[in-house]
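I have placed the structure first, in the form of structure tokens, so that the comments after it can refer back to it.
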Amino acid sequence: MTSCKLSKVLPSCLSFVLKRKKALHFNNRNFGRKMTDGSNHLERTAESGRNNITSLATVIGLRQESTTVKSLRLKIHDERLTFKAGQWVDMFMPEVDIVGGFSMYSSPEQLQREGTIDLAVKYSTHPPALWVHTKCNEGTKVYIRVGGDIYYDPGVSEPCHDLLLIAGGIGINPLLSILCHVRDLITLKKKGNLECDKLIPQKVLLLYSAAKQDELIFKNQIEKIVFSNDEVKCIFYVTQAESSNGLKAGRIGKDDIKESFNWLKEHQTKTYICGPSPMITNMEKLLIDQGLDEKTILYEKWWIPAETA
């Protein structure tokens, strides 16, 4: 690609990022910390680890998941790019000088198999999200780079564990990525890859809350995973609607957390939380009150309400 053509895709913010790369602080074990409260995604995540590869990507699919959420599938051009379940991307969009920060909901195995990743973006007037909802089309080219210190990537030498995933609204994105990763590991095990058996959690429970049923995006996909795998369960909550069709009314509360450990084992449970900041704070307190070690409760507060994705 010539520099002339590249300039149509590559916003000025990308060159700013590349210049700052050496100044970024990498720490893959600094869990549960709040990002710097800057005015944009790059500043708020300045201390987050990032992949060295910035890849061109082409939008090959768009879908309206709800009245407020749009998903897009990206074909990744650089085969060296990889990610871990739960990470996010910096996305550099044409004619937008602000970098977007969006979580992936697809699994790392999908990228290996198909060369694609999936993102879901909630509507807002923040320029990156607004661009996705109003300007992005199939065939549009963007640049992405993987980042994030909170991810699920157990090693074969780690002890057996259970997995508790707690999602609020669009916070389902990175947790669905983790769930899909577990599903893919189980599938590989069933096909004879016994090495995967050492990586698969013994039990997985997803607690997923949204305002209304139509905002429980990916509900059908999640139910298919649950139906196909005895190790996985999910409970859906709606905070602004009545109980119906297997949905629980109200927010995830103390009793829900307590009941989770009728199935999961407290001493071996890893918990990942993603949702609005007040929800994360409340869930962490309830989990600690339940007796969980705070080192096993993982989350990342790097967004602001206008840019939650």
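Residue 136 in UniProt numbering is what sits at position 136 of the sequence shown, and the numbering runs on without skipping anything.
For glycine and all other residues, C-beta sits at the position ideal for the given N, C-alpha and C.
Residues bridged to residue i by DSSP?
| i | result |
| --- | --- |
| C274 | A167 |
| I297 | T271 |
| A120 | S71 |
| D90 | G101, R145 |
| L247 | F236, S244 |
| Q221 | Looking at the DSSP assignment, Q221 forms no beta bridge with any residue, so it has no partner. |
| Q202 | Per DSSP, none; premise fails for Q202. |
| R183 | Note: R183 sits in no beta bridge, so no partner. |
| R113 | Bridge partners of R113: none, in fact. |
| R63 | S71 |
| S55 | I144 |
| D162 | T269 |
| R50 | G147 |
| I76 | A57 |
| A129 | For A129, which the question treats as bridged, DSSP gives no partner whatsoever. |
Taking its Cβ as the centre, do 16 or more other Cβ atoms sit within 10 Å of residue i, making it buried, or is it exposed?
| i | result |
| --- | --- |
| A249 | exposed |
| P159 | exposed |
| T308 | The predicted position of T308 is uncertain, since its pLDDT is 40 and thus under 50; a value taken from the coordinates is nonetheless stated next. The residue is buried, with at least 16 neighbouring Cβ atoms inside 10 Å. |
| P127 | buried |
| E300 | buried |
| T269 | buried |
| S244 | exposed |
| I288 | exposed |
| E242 | exposed |
| D149 | buried |
| L292 | buried |
| residue 338 | Because the chain is modelled from 1 through 309, residue 338 falls outside the range shown and cannot be assessed. |
| E284 | buried |
| L194 | exposed |
Taking 7 Å as the line, does the beta carbon of residue i fall inside it for any heavy atom of the ligand FMN?
| i | result |
| --- | --- |
| Q64 | As for the ligand FMN, it is missing from this structure, which has no ligand bound. |
I'd like to check one pair, residue j with residue i: are the Cβ atoms closer than 8 Å?
| i | j | result |
| --- | --- | --- |
| G86 | Y272 | yes |
| N173 | Y105 | yes |
| L62 | H77 | no |
| V146 | V89 | yes |
| G253 | A210 | no |
| N229 | I186 | yes |
| L179 | I225 | yes |
| M91 | I144 | yes |
Throw me the rounded Cβ distance for the residue i and residue j pair, which I believe falls under 8 Å.
| i | j | result |
| --- | --- | --- |
| C136 | L81 | Not really, about 20 Å apart at Cβ, beyond 8 Å. |
| P108 | H161 | Incorrect: roughly 19 Å between the Cβ atoms, too far for contact. |
| E114 | V59 | About 15 Å; that fails the 8 Å criterion. |
| I217 | A120 | 6 Å |
| K212 | Q240 | 6 Å |
| G171 | G275 | 4 Å |
| V69 | K122 | 5 Å |
| E231 | K203 | 6 Å |
Short of 6 Å in beta carbon distance, which residues of its chain neighbour residue i, apart from the five on each side in sequence? Order them along the chain.
| i | result |
| --- | --- |
| E215 | S66 |
| K84 | Y151, D153 |
| K198 | V156 |
| I117 | L74, M104, S106, L111 |
| L176 | Y105, F218 |
| E294 | I288 |
Against chain B, with Cβ distances strictly below 8 Å, would residue i count as a contact?
| i | result |
| --- | --- |
| I170 | Among the chains in the structure shown there is no chain B, since it carries only a single protein chain. |
Below 8 Å CB to CB, which residues in the same chain sit around residue i once its five sequence neighbours on both sides are set aside?
| i | result |
| --- | --- |
| S260 | L164, L205, L207 |
| E223 | C234 |
| P278 | none |
| Q221 | L176 |
| K258 | Q290 |
| H133 | K70, V121, Y123 |
Counting only the same chain and skipping the five closest in sequence on each side, list residues whose C-beta sits under 7 Å from that of residue i.
| i | result |
| --- | --- |
| W131 | M93, V96 |
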